[in-house]
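Numbering (this note's numbering), first residue to last: 1 to 490.
All residues carry an ideal CB built from backbone N, CA and C; glycine is no exception.
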């Protein structure tokens, strides 16, 4: 199995691309900027989707679906929204093709021009709020708590599998509320849901905070985010939750009558995560040998490989491993027995290492005779033997241990690469090392843009903190309410 990847130290970007390819997660499409998510990669995404979907429903949300196509006029109704997305929009102008004159191909039929162009959704606020106008008349119709699982298109010139593609999969929550307080509470609640998922399922530590005004979602009054650190020290925005105020309600004339019959505009939120989480998962945990997956998201949590020379040995080993597998499956563990006799055990070991399967079990004639199994942990590469009798109870415990170890390892890495800096000279000297830099900022867009222009670092978030430390901006020396996180980012 020739799937040797570039090492992280040699070329981190190429390592990432090699790993995504070698682990059979995704590949580039013939459509520039788009990707094909392969079955193994999609299985991981399904686990992400199913867990998040359950979490959304536990917080009272329901799923719905809205059209892929948005009339161009909708986007122009909220000025900052259209400005934020105008350069990324794909536009449908015609609705029919016809054969070329020579009959050898097709061309756009000039007589089939749309009366109004349609935008392939970059996000769905506009078309959803146009619908909410018909759904909401009274406070009794509120709140509306809806989520949509969908694909969106944002035309990208520079793409990277999962991290930035012209088309990607995501979920987008869109809620409507009677009061500002309810909408703000919703915005904060969904950020906590994302943080819970990132840390307890992805085993990826995140920092919760607020975006600066220049980094807010187009059309939002406030954007909250979770930020994670990848192994090259760059930041990755892993989820956002937006307080939209009454901006979209005013743009689409969505009013309601309160308990006293008074008319007011509805308060709104939106929030989303995407297949970018797949890229985060790869870059948070994986190593030079391949993918490393937290057990809670791994399509295969335990794989068993028989080692044998004779059919009699295979029959006995297979019976033991299949029985163990049935027991583990009854506990909810995703188990695979690989009895493919066209591949040697060593080839299989390498394949499952590249694919990041958390636990690999091997059993040969000697193991059979001794009543034991050989266990290999993907996260630490540790190998040890386990009695067959104890495997049924020990393996679930081991999966939980691997999950926790991956989180603690990533958290320790982040702590080791988080620095306080107090001068701009020090910041510029160290920013290329990678990591999170906690520095004071004077709160102005001009200073933020200066740092971005000179260093390519951005303010990832203004972290939530109970005890903010006032100081002086590292650039201008002007007063600063607290330290913010600067970093280079994906």
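Requested in this report: List in chain order: all unbroken alpha helix (DSSP H) runs of 4+ residues lying wholly within the region 161-222.
Outcome: 180-200
**Report entry** The beta strand (DSSP E) enclosing residue 244, as first and last residue numbers
**Finding:** Reading the chain shown from its first residue, position 244 is the one you call residue 244. Residue 244 -> beta strand (DSSP E) spans 235-245.
Report task. Kindly indicate which three-state DSSP category residue 263 falls into: helix, strand or coil? Result -> Residue numbering aside, residue 263 sits at position 263 when the chain shown is read from its first letter. Three-state DSSP puts residue 263 in a strand.
Query raised in the report: Would residue 490 pass as a contact of residue 211 if the rule is Cβ separation under 8 Å?
Result: For the purposes of this step, residue 490 is identified with residue 490 of the chain shown, where counting begins at 1. For the purposes of this step, residue 211 is identified with residue 211 of the chain shown, where counting begins at 1. Contact flag unset, no.
Query - Whole-angstrom distance between residue 98 and residue 223, CA atom to CA atom - result: Against the chain shown, residue 223 aligns to sequence position 223. Against the chain shown, residue 98 aligns to sequence position 98. Cα to Cα, residue 223 sits roughly 46 Å from residue 98.
Requested in this report: Could you check what DSSP says for residue 375 in three-state terms: helix, strand or coil?
Outcome: Along the chain shown, one-based indexing puts residue 375 at 375. Looking at residue 375 - three-state DSSP - the assignment turns out to be strand.
Query raised in the report: Is the distance from the Cβ of residue 267 to the Cβ of residue 180 below 8 Å?
Result: For the purposes of this step, residue 267 is taken as residue 267 along the chain shown, with counting starting at 1. For the purposes of this step, residue 180 is taken as residue 180 along the chain shown, with counting starting at 1. Closer than 8 Å, so yes.
Query raised in the report: Which residue's Cα is closest to the Cα of residue 129: 145, 298, 114, 116?
Result: Sequence index remark: in the chain shown, residue 129 carries index 129 (1-based). When only C-alpha atoms are compared, the closest one is 145.
**Report entry** Span of the alpha helix (DSSP H), counted from its first residue to its last, around residue 283
**Finding:** Locating residue 283 in the chain shown gives position 283, where the first residue counts as 1. Taken as a continuous stretch (DSSP letters only), the alpha helix (DSSP H) holding residue 283 covers 276-285.
Query raised in the report: Leaving out five residues before and five after residue 480 in sequence, what residues of the same chain have Cβ atoms less than 8 Å from its Cβ?
Result: The residue labelled residue 480 in the question sits at position 480 within the chain shown. 440, 441, 442, 443, 470, 471, 472, 473, listed in sequence order.
**Report entry** Inter-residue Cα distance where the pair is residue 285 and residue 299
**Finding:** Looking up residue 285 in the chain shown gives position 285. Looking up residue 299 in the chain shown gives position 299. Each residue's alpha carbon lies about 16 Å from the other.
Query raised in the report: When the Cα atoms are used, what is the spatial distance from residue 214 to residue 241?
Result: If you number the chain shown from 1, residue 214 lands on position 214. If you number the chain shown from 1, residue 241 lands on position 241. Looking at the two C-alpha atoms, the distance is approximately 16 Å.
Query raised in the report: How far does the beta strand (DSSP E) with residue 496 in it reach, from first residue to last?
Result: Summary: the structure shown does not reach residue 496, with the chain confined to residues 1 through 490, and so no result is reported for it.
Query raised in the report: Can you round the beta-carbon distance between residue 485 and residue 463 to whole angstroms, since I take them to be within the 8 Å contact cut?
Result: Along the chain shown, one-based indexing puts residue 485 at 485. Along the chain shown, one-based indexing puts residue 463 at 463. About 6 Å separates the two Cβ atoms, so the contact holds.
Query - Assumed close pair residue 148, residue 186 - CB separation to whole angstroms, cut-off 8 Å - result: Your numbering for residue 148 matches position 148 in the chain shown. Your numbering for residue 186 matches position 186 in the chain shown. With a Cβ gap of about 16 Å, residue 148 and residue 186 do not count as contacting.
**Report entry** Minimum C-alpha distance to residue 287 - residue among 366, 221, 379, 229
**Finding:** Within the chain shown, the letter at position 287 stands for residue 287. Ranking 366, 221, 379, 229 by Cα distance to residue 287 puts 379 first.
Requested in this report: Could you check if residue 205 is buried or exposed, using at least 16 other CB atoms within 10 Å of its CB as the buried criterion?
Outcome: For the purposes of this step, residue 205 is identified with residue 205 of the chain shown, where counting begins at 1. Answer is buried; the Cβ neighbour count reaches 16.
Report task. Check whether the Cβ atoms of residue 117 and residue 72 sit closer than 8 Å, and answer yes or no. Result -> Counted from its first residue, the chain shown places residue 117 at position 117. Counted from its first residue, the chain shown places residue 72 at position 72. Taking 8 Å as the Cβ cut-off, residue 117 and residue 72 qualify as a contacting pair.
Query raised in the report: Can you tell me whether DSSP reads residue 270 as helix, strand or coil?
Result: In the chain shown, the residue the question calls residue 270 occupies position 270. If DSSP states are grouped into helix, strand and coil, residue 270 belongs with the strands.
Query raised in the report: Do residue 434 and residue 355 come within 8 Å of each other at the CB atom, strictly closer than that value?
Result: For the purposes of this step, residue 355 is identified with residue 355 of the chain shown, where counting begins at 1. For the purposes of this step, residue 434 is identified with residue 434 of the chain shown, where counting begins at 1. Contact: no.
Requested in this report: Check the C-beta distance from residue 428 over to residue 454 and give it rounded, since I have them as a contact under 8 Å.
Outcome: Walking along the chain shown from the start, residue 428 turns up at place 428. Walking along the chain shown from the start, residue 454 turns up at place 454. Right, the Cβ-Cβ distance comes to about 7 Å (below 8 Å), so this counts as a contact.
Report task. Inspect the CB distances between the region 156-164 and the region 362-371 and report whether three or more fall short of 8 Å. Result -> no
Requested in this report: State the start and end residues of the unbroken beta strand (DSSP E) segment that holds residue 92.
Outcome: Along the chain shown, one-based indexing puts residue 92 at 92. Start and end: 90-94.
Query raised in the report: What do you reckon, are the CB atoms on residue 203 and residue 345 nearer than 8 Å?
Result: Your numbering for residue 203 matches position 203 in the chain shown. Your numbering for residue 345 matches position 345 in the chain shown. Their beta carbons are not under 8 Å apart, which means residue 203 does not touch residue 345 by this criterion.
Query - Segment contact flag, the region 386-404 with the region 337-352, C-beta cutoff 8 Å, min 3 pairs - result: no
Query raised in the report: Assuming residue 483 and residue 438 make a contact with CB atoms under 8 Å, what is their CB distance in whole Å?
Result: As a first step, residue 483 must be located in the chain shown, where it is residue number 483. As a first step, residue 438 must be located in the chain shown, where it is residue number 438. Contact holds; Cβ gap of about 4 Å.
Requested in this report: For the region 409-428 and the region 384-395, state whether three or more C-beta atom pairs, one from each stretch, are separated by less than 8 Å.
Outcome: no
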